[in-house]
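Participant: In order, the protein sequences belong to chains A and B.
If you want my numbering, it's the position in the first sequence, counting the first as 1, plus 81.
If you want my numbering, it's the position in the second sequence, counting the first as 1, plus 81.
My questions will all concern the structure given below.
Protein chains: 2
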Amino acid sequence: MTSKRLGKRTVAFASPPSVISFSNIGGKMESRGPLADYFDELDQDSFFGEKTWEKGESAMQKRVLNRALQKAGMAPSDLDYIFAGDLLNQCIGSSFGLREFGVPFLGLYGACSTMGESLAMAAMAIDGGFATLAAAMTSSHFCTAERQYRMPVPYGNQRTPTAQWTATASGCCILGAQGDGPYITHATCGKIVDLGISDVNNMGAAMAPAAHDTLLAFFQDTNTSPSDFDLVVTGDLGALGHEILCDLMAQDGVKMGKNYKDCGLMLYDLKQQDMHAGGSGCGCSASVLNGYLLRGMREKRWKRILFAPTGALLSPTSSFQGESIPGISHAICISNTK
Amino acid sequence: MTSKRLGKRTVAFASPPSVISFSNIGGKMESRGPLADYFDELDQDSFFGEKTWEKGESAMQKRVLNRALQKAGMAPSDLDYIFAGDLLNQCIGSSFGLREFGVPFLGLYGACSTMGESLAMAAMAIDGGFATLAAAMTSSHFCTAERQYRMPVPYGNQRTPTAQWTATASGCCILGAQGDGPYITHATCGKIVDLGISDVNNMGAAMAPAAHDTLLAFFQDTNTSPSDFDLVVTGDLGALGHEILCDLMAQDGVKMGKNYKDCGLMLYDLKQQDMHAGGSGCGCSASVLNGYLLRGMREKRWKRILFAPTGALLSPTSSFQGESIPGISHAICISNTK
């Protein structure tokens with residue numbers, strides 16, 4: 082019964098699920114970044130019309146799912162499952178944002194790797210014969226993340242050079258058993274990797290070893306290398322994590338090359354927008370995938386990409402208790418051909 | 082590709098995954114309850130040998146997975162995936178408890194429904210051909226939950242009559258493609274249901290409508306009724322939620338009957354242990370399933386049970402912001418025959 086396993090850790094889908102529809106939404110900073118043209122919606126109001134930032138984050142998930150459904154001419158009742166999660170305590174961005182849709186809901190927690198985890202789970206549900214249509218989605222919000230992980234925004238917390246900027250954004254991808262692609266052809270799910278980094282202002286360094294572990298497994302299992310892909314894209318390693326990942330892969334004889342990008346380095350103009358090490362948050366990779374990347378694939382700019390968002394599985398409590406930061410990364414291969 | 086769908090929302094596994102091994106652990110209160118004999122391990126130290134309660138909760142997950150593996154004569158490397166989550170912010174009970182195992186990890190957030198969600202996901206991964214062996218697990222801890230959701234334990238918070246007691250417990254179930262049962266034959270995943278209950282000390286009332294929605298869908302899809310099962314067991318509705326669920330089902334003409342039990346009413350002696358409305362927490366249903374229930378099935382005391390844990394998808398933040406409490410429930414049919 083494990084005919085769909087390839088190598089040690091990779092799943093090769095027998096009937097690769099197709100991207101049916103995708104949508105993204107961003108806030109003020111995202112509207113000033115280089116990918117602004119690739120957003121379905123950009124809202125200058127950080128509350129997204131709600132009274133609190135948390136409710137605003139939920140509103141983003143609601144809007145982005147509604148738009149993805151609308152673009153596909155679908156009703157919520159067409160979906161068999163929604164796979165979603167976010168960074169907020171108890172994932173309230175998802176549970177409150179999605180409660181009105183009446184769709185069976187599978188809550189995930191993968192920190193900033195959630196877009197990858199949700200795609201892997203949705204693709205398994207479809208290829209396994211348990212669903213015809215499923216949505217994979219996540220969100221993050223700068224102001225909800227700042228006050229939960231660091232300090233409330235009005236405090237004016239000073240940021241270190243290695244700090245990243247949590248994207249105020251959400252992305253949703255609807256996968257289906259039938260469709261014209263792009264297709265989810267492979268998924269390599271991540272192990273928890275913890276090399277002992279404990280600086281909460283240097284997430285890139287904490288998460289890079291997880292991306293290294295997962296990407297190495299993917300390349301070995303599929304007998305490929307980065308040059309076989311038009312793009313290899315990590316989620317939010319940022320400037321430092323990008324460099325560390327290249328170094329770690331080089332130690333194993335794998336050259337990441339110039340096609341290796343990071344969503345955290347794509348979403349903002351780091352210097353002009355004073356973004357320090359780059360963007361981060363579940364919404365960073367989710368909005369880049371469900372806009373710039375999938376649109377580029379539909380427009381045949383790229384044939385095959387490897388999307389590997391990374392997450393840091395810490396909490397303020399674990400850090401206060403002296404713990405290091407465990408990382409995780411899930412790699413998803415997306416191709417225009419089955 | 083949806084041949085495994087039954088009715089509107091239920092999955093009928095083509096090759097029902099088998100329970101390979103299961104294990105549970107509990108704390109002091111659990112050791113004084115009526116199910117004490119059905120625990121693999123009971124620790125009188127609420128820290129489980131660690132310096133903080135959060136680390137203690139992680140230690141429970143670590144121990145319970147180790148024991149489940151040991152009972153099956155397996156190594157961590159035999160597992161293709163671990164599906165796990167817990168109540169702690171950012172699910173640190175799972176990420177820190179499981180980081181050393183080196184097994185691909187899929188983090189879930191389903192609040193107290195997590196044992197059901199993890200079983201559904203693990204069974205789909207196996208029946209879908211993506212895994213041979215997968216662990217499904219979760220935990221909760223009275224002291225970590227109290228200080229996160231309510232007040233730190235030393236404060237001596239007064240509890241209302243409808244309040245429930247978060248179990249200090251963890252449970253793990255290893256499922257496999259081959260095995261002698263019991264088997265996971267069906268799963269009905271839950272929708273988010275919110276009827277507007279906002280009393281955080283009455284979770285049973287908030288979650289009962291979700292159990293009602295999922296169980297009704299399951300019975301309709303499978304053309305069964307509660308009397309077709311030796312046991313129908315909800316997770317932690319407690320005394321009030323148990324009664325509400327019976328009422329809601331009766332309104333739809335479904336008599337829950339005397340075989341309907343709730344793990345929150347089984348784990349403790351409510352009166353003698355001053356438990357108010359009963360037990361709760363992810364670990365409540367997880368430890369009852371992975372001890373009393375699965376052992377009873379192996380001993381042929383029951384042939385077929387329906388396990389439907391329920392979760393409340395709130396956070397302290399959502400309640401402070403005036404939100405009601407969304408509930409969710411996932412139903413898993415477990416049978417001694419395929």
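We put the CB at the ideal spot given by N, CA and C, even for glycine.
Please name the residue or residues paired with residue 132 of chain A in a DSSP beta bridge.
Facilitator: Here residue 132 of chain A is taken as the residue at index 51 of the first sequence, counted from 1. Paired residue(s): none; residue 132 of chain A is not in a bridge.
Participant: I want to see whether chain A comes within less than 8 Å of residue 186 of chain B, judged by CB atoms only; does it?
Facilitator: The count along the second sequence starts at 1 and reaches residue 186 of chain B at position 105. Yes, residue 186 of chain B lies at the interface with chain A (some Cβ there is under 8 Å from its Cβ).
Participant: Helix, strand or coil for residue 343 of chain B? Go by DSSP, reduced to three states.
Facilitator: Along the second sequence, read from residue 1 onward, the residue named residue 343 of chain B stands at position 262. Three-state DSSP puts residue 343 of chain B in a strand.
Participant: Specify, as a first and last residue, the run of the alpha helix (DSSP H) that residue 195 of chain A falls within.
Facilitator: Start at 1 with the first residue of the first sequence, and residue 195 of chain A comes out as number 114. For residue 195 of chain A, the enclosing alpha helix (DSSP H) has its first and last residue at 195–208.
Participant: Need the endpoints of the beta strand (DSSP E) that residue 107 of chain A sits in, please.
Facilitator: The count along the first sequence starts at 1 and reaches residue 107 of chain A at position 26. Taken as a continuous stretch (DSSP letters only), the beta strand (DSSP E) holding residue 107 of chain A covers 99–107.
Participant: Whose C-beta lies closer than 6 Å to the C-beta of residue 282 of chain B among residues of the same chain, with five residues either side of it excluded?
Facilitator: What you label residue 282 of chain B is simply residue 201 of the second sequence in a count that begins at 1. The answer, listed in chain order, is 241, 243, 244.
Participant: Which residues of the region 169–183 of chain A have a Cβ closer than 9 Å to any Cβ of chain B? Give them in chain order.
Facilitator: 169, 170, 171, 172, 173, 175, 176, 177, 179, 180, 181, 182, 183
Participant: What does the alpha-carbon distance come out to for the pair residue 404 of chain B and residue 395 of chain B?
Facilitator: For this step, residue 404 of chain B is matched to residue 323 along the second sequence. For this step, residue 395 of chain B is matched to residue 314 along the second sequence. Distance between the alpha carbons of residue 404 of chain B and residue 395 of chain B is about 8 Å.
Participant: Run through chain D and tell me which residues come within less than 7 Å of residue 395 of chain B, C-beta to C-beta.
Facilitator: The displayed structure is made up of protein chains A and B, and chain D is not among them.
Participant: Check the Cβ of residue 90 of chain B against every Cβ in chain A and list those closer than 9 Å, keeping chain order.
Facilitator: Mapped onto the second sequence, residue 90 of chain B falls at position 9. Correct list: 161, 185.
Participant: Please classify residue 98 of chain A as buried or exposed, where buried requires at least 16 neighbouring CB atoms within 10 angstroms.
Facilitator: The sequence position of residue 98 of chain A within the first sequence is 17, counting from 1. The residue in question, residue 98 of chain A, is buried, as its Cβ has 16 or more Cβ neighbours within 10 Å.
Participant: Could you give the C-beta distance for residue 251 of chain A and residue 330 of chain A, rounded to a whole number, given that I count them as a contact under 8 Å?
Facilitator: Position 170 of the first sequence holds residue 251 of chain A. Position 249 of the first sequence holds residue 330 of chain A. Not really, about 30 Å apart at Cβ, beyond 8 Å.
Participant: Short check: CB of residue 67 of chain A to CB of residue 164 of chain A, under 8 Å?
Facilitator: Given a span of 82 to 419 for chain A in the structure shown, any question on residue 67 of chain A remains unanswerable.
Participant: What does residue 115 of chain A reach in chain B if we use C-beta pairs closer than 8 Å?
Facilitator: Residue numbering aside, residue 115 of chain A sits at position 34 when the first sequence is read from its first letter. By Cβ distance, chain B contributes nothing, its closest Cβ being about 30 Å from residue 115 of chain A, past 8 Å.
Participant: So does the region 379–387 of chain B actually touch the region 276–295 of chain B, counting three or more Cβ pairs closer than 8 Å?
Facilitator: They do not touch, by the three-pair rule.
Participant: Establish whether the CB of residue 211 of chain A and some CB of chain B are separated by less than 8 Å.
Facilitator: Mapped onto the first sequence, residue 211 of chain A falls at position 130. Judged by the 8 Å Cβ criterion, residue 211 of chain A is in contact with chain B.
Participant: Hey, is the region 256–272 of chain A in contact with the region 209–226 of chain A, meaning 3+ C-beta pairs nearer than 8 Å?
Facilitator: yes
Participant: Taking residue 340 of chain A as the reference, which of A:352, A:306, A:355 has the closest Cα?
Facilitator: Looking up residue 340 of chain A in the first sequence gives position 259. Checking every option, the nearest Cα to that of residue 340 of chain A belongs to A:306.
Participant: What is the DSSP secondary structure of residue 218 of chain B, counted as helix, strand or coil?
Facilitator: Here residue 218 of chain B refers to the residue found at position 137 of the second sequence. In this structure, residue 218 of chain B counts as strand in the three-state DSSP scheme.
Participant: Taking all protein chains shown into account, decide if residue 96 of chain A is buried (16 or more other Cβ within 10 angstroms of its Cβ) or exposed.
Facilitator: Counting from one through the first sequence, the residue named residue 96 of chain A turns up at place 15. With fewer than 16 other Cβ atoms within 10 Å, it is exposed.
Participant: What runs of the alpha helix (DSSP H), each 4 residues or longer, lie entirely inside the region 152–185 of chain B?
Facilitator: 173–179
Participant: From which residue to which residue does the beta strand (DSSP E) around residue 385 of chain A run?
Facilitator: Residue 385 of chain A sits at position 304 when you count from the first residue of the first sequence. Taken as a continuous stretch (DSSP letters only), the beta strand (DSSP E) holding residue 385 of chain A covers 385–389.
Participant: Is it true that the CB of residue 174 of chain B sits closer than 8 Å to the CB of residue 139 of chain B?
Facilitator: Counting from one through the second sequence, the residue named residue 139 of chain B turns up at place 58. Counting from one through the second sequence, the residue named residue 174 of chain B turns up at place 93. Closer than 8 Å, so yes.
Participant: In this structure, does DSSP put residue 83 of chain B in helix, strand or coil?
Facilitator: Here residue 83 of chain B corresponds to residue number 2 of the second sequence, with the count starting at 1. Unreliable placement is indicated for residue 83 of chain B, whose pLDDT of 49 sits below 50; the coordinate value is still reported in the next sentence. It is coil, neither helix nor strand.
Participant: Would you mind stating whether residue 407 of chain B and residue 299 of chain A have Cβ atoms separated by less than 8 Å?
Facilitator: As a working mapping, residue 407 of chain B is identified with position 326 in the second sequence. As a working mapping, residue 299 of chain A is identified with position 218 in the first sequence. Taking 8 Å as the Cβ cut-off, residue 407 of chain B and residue 299 of chain A do not qualify as a contacting pair.
Participant: Which residue or residues does DSSP assign as beta-bridge partners of residue 400 of chain A?
Facilitator: Locating residue 400 of chain A in the first sequence gives position 319, counting from the first residue. In the DSSP output, where bridge partners are listed per residue, residue 400 of chain A has none listed.
Participant: Between residue 273 of chain A and chain B, is any beta-carbon pair separated by less than 8 Å?
Facilitator: Start at 1 with the first residue of the first sequence, and residue 273 of chain A comes out as number 192. At least one chain B Cβ lies under 8 Å of residue 273 of chain A.
Participant: Mind checking who residue 264 of chain A pairs with in its DSSP beta bridge?
Facilitator: Reading the first sequence from its first residue, position 183 is the one you call residue 264 of chain A. For residue 264 of chain A, which the question treats as bridged, DSSP gives the partners A:99, A:416.
Participant: What are the partner residues of residue 252 of chain A, as DSSP defines its beta bridges?
Facilitator: Position 171 of the first sequence, counted from the first residue, corresponds to residue 252 of chain A. Paired residue(s): A:105, A:219.
Participant: In three-state terms, what does DSSP make of residue 191 of chain A?
Facilitator: The residue you call residue 191 of chain A lines up with position 110 of the first sequence. Looking at residue 191 of chain A - three-state DSSP - the assignment turns out to be coil, as it is neither helix nor strand.
Participant: Within 10 Å of its beta-carbon, does residue 412 of chain A have 16 or more other beta-carbons around it, so buried, or fewer, so exposed?
Facilitator: Along the first sequence, read from residue 1 onward, the residue named residue 412 of chain A stands at position 331. Buried.
Participant: The alpha helix (DSSP H) that contains residue 291 of chain B, what's its start and end?
Facilitator: Within the second sequence, the letter at position 210 stands for residue 291 of chain B. Counting along the chain, the unbroken alpha helix (DSSP H) around residue 291 of chain B starts and ends at 284–303.
Participant: Please report how far the alpha carbon of residue 119 of chain B lies from the alpha carbon of residue 386 of chain A, in whole angstroms.
Facilitator: Reading the second sequence from its first residue, position 38 is the one you call residue 119 of chain B. Reading the first sequence from its first residue, position 305 is the one you call residue 386 of chain A. Cα to Cα, residue 119 of chain B sits roughly 50 Å from residue 386 of chain A.
Participant: Spell out a yes or no on whether the region 263–271 of chain B and the region 111–118 of chain B are touching, meaning 3 or more CB-CB pairs, one atom from each, closer than 8 Å.
Facilitator: Counting C-beta pairs with one atom in each stretch, the region 263–271 of chain B and the region 111–118 of chain B have fewer than three that are closer than 8 Å, which means they do not touch.
Participant: How should residue 238 of chain A be labelled, buried or exposed, when 16 other C-beta atoms within 10 angstroms of its C-beta is the threshold for buried?
Facilitator: The count along the first sequence starts at 1 and reaches residue 238 of chain A at position 157. Exposed, because fewer than 16 other Cβ atoms sit within 10 Å of the Cβ of residue 238 of chain A.
Participant: How about the region 152–160 of chain A and the region 269–279 of chain A: do they share at least three Cβ pairs that are nearer than 8 Å?
Facilitator: no
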